[in-house]
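Residue numbers for the sequence shown, in this note's numbering: 6 to 370. Note that the Cβ used here is the ideal one computed from N, Cα and C, for glycine as well. For clarity, every value in this text was computed on a predicted model and none was experimentally measured. Note sheet for the following structure.
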Amino acid sequence: YEISKLLKTNNKFYDLNVEQAKVIGFYGPIIEFLTNCVPILIIVYGGYLCINNKITLGDLVAFTSYVFSLSWCVRNLGGLVNMLSQNKASMDKIRNILNRDSQIKTKENAYNPKFVKGDIEFKNVSFSYNSEEILHNINLKVKGGSKVAIMGSTGAGKSTLLALIGRYYDVTEGEILVDGVNVKDWDIETLRANMSVVFQDTFLFSDTIKNNIEFGNEVDESLLITSAKESESYSFIEDMPEKFETLIGERGVGLSGGQKQRLAIARAIIRKTPIVILDDATSALDMETEFNVLNNLRKGKKKSTTFIIAHRISAVKDADLILFMKNGEIVEQGNHNSLIKLRKNYYNIYSHQFQDFETLELEAN
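In structure tokens, the structure reads:
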């Protein structure tokens, strides 16, 4: 299927290139012939005028040199027209993106506090996208500094739930409060500046490890090292030839998936924001490293309100609050022990994962 799609696109591209080659093949020789003939005709006619004392030899030489200079411009004109048409198509696409009017706008006299605690509350929140309901009647209250873990199957609405906190979408019904203020009343830049978000797919720039972690934030070396240690990145950074000054490729070429995720977490730690969101950001880490990273986040000097989307029990069991989502609703919530006693969705995943672990232990012995 993918090969047929590629061939179809390639064939279309090939046909367009053939048409372009035909046009160039037809007009190219004509332009070349004319641009070569014109100087010859000028020299012949100019020589005739010189013989008859109509113009001087200097006039002929000067005029001929000007014509030769202009002829190069004429030759390049066809290529420039083709280049301009290609650039125009690209610029139209870029312009459409830049001129797109965002539906999420900051109100006048928006809320812009100097200090953010990180208290978050969802009140009867529902969200629909293209008439499809993604979240339904979400009620949740999180105290600042708490660690909240979210589990559930793919498409349950986990990432959408957290995207609403930063007001990347507006709720269809209900309201979301950050420090008791509706996110619609917040200054958007202030709200998002107080959040650090780490996704599963991490983007790293073609730059040094230091610059990728700092990401525009000039910090002391001690804070840089602390963030690397808390994200469990310090050991492999120290093994690099230039340590923090080691250059990495675009999107982290040369680093493993786990190393890239740890650098992204270090980038979030160094910002010291009151709200941290880890959207499946530890999926490429082994269980021990994942436990250490999350434990470091929990024990940090500044306790941020932390949301973690994960699929492993080991990553969520120490959370203050665990949410289990299904079909856009929170069907279970509580701590690890209370959800185990319910013996429902969370318990089923727990028993499945730890049963596999116990089976491996038995086979190893």
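- Is glycine 179 near methionine 330, with beta carbons less than 8 Å apart? no
- Since serine 131 is in the alpha helix (DSSP H), which residue starts that stretch and which ends it? Per DSSP, serine 131 belongs to no alpha helix (DSSP H); it is in the beta strand (DSSP E), 125 to 134.
- Exposure of glutamate 235, with buried meaning 16 or more beta-carbon neighbours within 10 Å: buried
- Item | Endpoints, the beta strand (DSSP E) within which leucine 328 is located | 326 to 331
- Message: So glutamine 358 and isoleucine 318 are supposed to be a Cβ contact under 8 Å. How far apart are they, rounded?
- Response: 5 Å
- Message: According to DSSP, glutamine 338 sits in a beta bridge with which residue or residues?
- Response: Leu328
- Task: Sort Gly171, Asp190, Ile270 and Leu82 by Cα distance to asparagine 114 and report the nearest one.
- Result: Asp190
- Message: Less than 8 Å between the C-beta atoms of glycine 185 and aspartate 124, yes or no?
- Response: yes
- Task: Tell me whether the beta-carbon of isoleucine 109 lies closer than 8 Å to the beta-carbon of valine 130.
- Result: no
- Task: For leucine 166, write down the residues that DSSP places opposite it in a beta bridge.
- Result: Per DSSP, none; premise fails for leucine 166.
- What did DSSP end up calling valine 147 once you bin it into helix, strand or coil? strand
- Item | asparagine 199 and leucine 209 closer than 8 Å at C-beta | no
- Exposure of glycine 51, with buried meaning 16 or more beta-carbon neighbours within 10 Å: buried
- Query: Comparing the C-beta of phenylalanine 210 with each C-beta of chain D, is any distance below 8 Å?
  - Reply: Of the protein chains in this structure there is only one, and it is not chain D.
- Neighbour-count burial assignment, isoleucine 282, 16 or more Cβ in a 10 Å radius: buried
- Inter-stretch contact (C-beta, 8 Å, three-pair minimum) for the region 70 to 90 and the region 26 to 44: yes
- Task: Assign isoleucine 354 to buried or exposed, taking buried as 16 or more other Cβ atoms, counted over all protein chains shown, within 10 Å of its Cβ.
- Result: buried
- glycine 179 - containing beta strand (DSSP E), residue span: 178 to 183
- What does asparagine 187 pair with, by DSSP beta-bridge criteria? Leu182
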